[in-house]
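Just so we're on the same page, the working numbering is the position in the sequence shown counted from 1, plus 7.
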Amino acid sequence: FAITTDCYARSGGVPEVAHLEDCAFVERLQQVDARIRHSNRVKVYTSARCVGRACYGLSYQLNEWKNTCNNEWLVESGTSVFERLTLKKQLKNIWIRRHSATFDGKAELQKCLPDLFISPAKTEELFSSSYFGAFYQQVMQLRPEAVQPDLVPLETAIGQLQQISKHQSRASFCQTSSL
Numbered sequence: 008f009a010i011t012t013d014c015y016a017r018s019g020g021v022p023e024v025a026h027l028e029d030c031a032f033v034e035r036l037q038q039v040d041a042r043i044r045h046s047n048r049v050k051v052y053t054s055a056r057c058v059g060r061a062c063y064g065l066s067y068q069l070n071e072w073k074n075t076c077n078n079e080w081l082v083e084s085g086t087s088v089f090e091r092l093t094l095k096k097q098l099k100n101i102w103i104r105r106h107s108a109t110f111d112g113k114a115e116l117q118k119c120l121p122d123l124f125i126s127p128a129k130t131e132e133l134f135s136s137s138y139f140g141a142f143y144q145q146v147m148q149l150r151p152e153a154v155q156p157d158l159v160p161l162e163t164a165i166g167q168l169q170q171i172s173k174h175q176s177r178a179s180f181c182q183t184s185s186l
């Protein structure tokens with residue numbers, strides 16, 4: 008990670024968790040709308056040791072990959088990825104309009120998440136978040152279905168994403184962490 012001290016302070020720093028602290032830290036950064044970029048020019052060098060200090064760290068993951076080398080890797084389906092990113096974009100647009108005079112947060116949320124039933128007080132609490140990332144995470148946790156994405160073989164997901172990208176204009180398919 009490369010992070011400014013301001014962003015680190017705003018996020019509250021690296022959370023104390025038993026495992027996957029890097030993932031937990033990224034979630035915190037997303038909650039405060041940190042601009043997260045993934046560059047394909049970055050090269051990471053690490054040891055290939057299979058015994059590490061953390062219970063569920065990189066060495067654990069390397070062992071998992073080694074032990075499943077002959078099996079298909081299951082990942083989130085391309086359709087699920089596209090639906091999740093589309094919903095995130097819709098929620099971002101709602102978030103941007105939240106201060107307009109005619110804004111009705113509950114009605115706006117019902118349009119994109121018709122199965123979401125929340126009280127007016129909870130709606131007000133959601134829209135009082137200081138950051139879109141915190142708002143987004145709270146909304147996703149309120150969804151009635153367990154937000155478990157469809158898992159498909161990696162090659163299937165790649166094919167799905169290629170098909171979806173062919174049918175979407177660049178403008179509507181654009182996605183970054185900061186939207």
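Virtual Cβ for every residue (Gly too), placed ideally from N, Cα, C. The structure presented is a predicted model; accordingly, all values stated were derived computationally and were not measured.
Do you know offhand how far residue i's Cα is from residue j's?
i: valine 24; j: leucine 149; result: 23 Å
i: histidine 174; j: serine 46; result: 25 Å
i: serine 136; j: arginine 56; result: 42 Å
i: aspartate 111; j: proline 121; result: 15 Å
i: glutamate 83; j: valine 51; result: 24 Å
i: glutamate 90; j: asparagine 100; result: 15 Å
i: arginine 48; j: isoleucine 10; result: 17 Å
i: phenylalanine 124; j: threonine 130; result: 10 Å
i: leucine 65; j: valine 21; result: 17 Å
i: glutamate 162; j: glutamate 132; result: 41 Å
i: leucine 36; j: alanine 108; result: 30 Å
i: leucine 168; j: leucine 81; result: 15 Å
i: leucine 158; j: proline 127; result: 35 Å
i: valine 58; j: phenylalanine 32; result: 23 Å
Let's see if you can read the secondary structure: which residues bound the beta strand (DSSP E) around residue i?
i: valine 159; result: 158 to 160
i: leucine 81; result: 81 to 83
Using a Cβ-Cβ cut-off of 6 Å (strictly less than) and excluding sequence neighbours within five positions of residue i, which residues of its own chain qualify?
i: proline 160; result: Glu79
So, at 8 Å on beta carbons, what are the nonlocal neighbours of residue i in its own chain, with the 5 sequence-adjacent residues on each side left out?
i: glutamine 38; result: Ser18, Tyr138, Gly140, Ala141, Gln144
i: cysteine 62; result: Ala25, His26
Excluding sequence positions up to five away, which residues of its chain have a Cβ less than 7 Å from the Cβ of residue i?
i: glutamine 97; result: Cys119
i: valine 88; result: Leu168
Specify, as a first and last residue, the run of the alpha helix (DSSP H) that residue i falls within.
i: glycine 112; result: 112 to 119
i: phenylalanine 124; result: Per DSSP, phenylalanine 124 belongs to no alpha helix (DSSP H) and is neither H nor E.
i: arginine 17; result: 12 to 18
i: arginine 42; result: Looking at the DSSP string, arginine 42 is not in any alpha helix (DSSP H), and its letter there is neither H nor E.
i: serine 66; result: 65 to 74
Does the beta-carbon of residue i have 16 or more other beta-carbons within 10 angstroms, so that it is buried, or is it exposed?
i: aspartate 13; result: exposed
i: alanine 114; result: exposed
i: glycine 166; result: exposed
i: alanine 178; result: Residue placement at alanine 178 is flagged as unreliable, the pLDDT there being 47, under the threshold of 50; the coordinate-derived value follows with that caveat. Per the 10 Å Cβ criterion, exposed.
i: valine 146; result: buried
i: tryptophan 72; result: exposed
i: alanine 41; result: buried
i: alanine 164; result: buried
I'd like to know if residue i contacts chain E, where contact means its C-beta is closer than 9 Å to some C-beta of that chain.
i: serine 66; result: No chain E is part of this structure, which consists of one protein chain only.
*Where are the alpha helix (DSSP H) runs, 4 residues long or more, that stay fully inside the segment 130 to 156, in chain order?*
Whole alpha helix (DSSP H) segments, 4+ residues: 139 to 149.
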